[in-house]
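Here the numbering used here runs 6 ahead of the position in the sequence shown, where the first position is 1. Below is one structure, written out as structure tokens, with a few remarks after it.
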Amino acid sequence: QVQLVESGGGLVQAGGSLRLSCAASGSGLMINTMGWYRQAPGKYRDMVALITIGSSTAYADSVKGRFTISRDNAKNTVYLQMNTLKPEDTAVYYCNAKVPPLEYWGQGTQVTVSS
């Protein structure tokens with residue numbers, strides 16, 4: 007069993023920055039890929055950024071060049087640095103951890119970008 011606790015969401019003006027953190031805890035952690043997804047009202051939950059245990063990364067086209075995902079394997083923590091935020095980035099952001107064949111989700115943290 008893996009528990010994920012997110013932090014760092016909030017309200018920011020367009021052009022601003024936020025940093026999300028997600029700490030994983032549980033016994034015998036063998037987390038492979040960690041990542042961030044987001045869900046805006048009335049929309050599906052979409053992938054934002056992923057990072058493997060070897061630090062390979064993948065990003066949604068809409069955030070490339072603005073968001074950076076990183077990971078501290080010793081702390082089982084994943085980060086999402088979000089720069090040049092836009093109103094369309096407004097959503098609930100969810101942390102995800104894949105422990106094959108299972109995956110786990112955090113409770114979500116709200117990010118609101120005002121224009």
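Here a beta-carbon is modelled for each residue, glycine too, at the ideal position from N, C-alpha and C.
Exercise. For V8 versus Y110, is the C-beta distance shorter than 8 angstroms?
Worked result: yes
Problem set entry | Beta-carbon gap between Q87 and V98 smaller than 8 angstroms | no
Exercise. Would you call the CB atoms of R25 and G16 closer than 8 angstroms?
Worked result: No, they are not a contact pair.
Problem set entry | Contacts around T90, its chain only, beta-carbon distance under 7 angstroms, and the 5 residues preceding and following it disregarded | G21, R72
For this session: Could you check what DSSP says for S23 in three-state terms: helix, strand or coil?
Result: coil
Problem set entry | Reduced DSSP category for V69 - H, G, I as helix; E, B as strand; rest coil | helix
Exercise. Going by C-alpha distance, which of M53, Y50, P47, G41 is nearest S61?
Worked result: In this structure, G41 is the residue among M53, Y50, P47, G41 with its C-alpha nearest to the C-alpha of S61.
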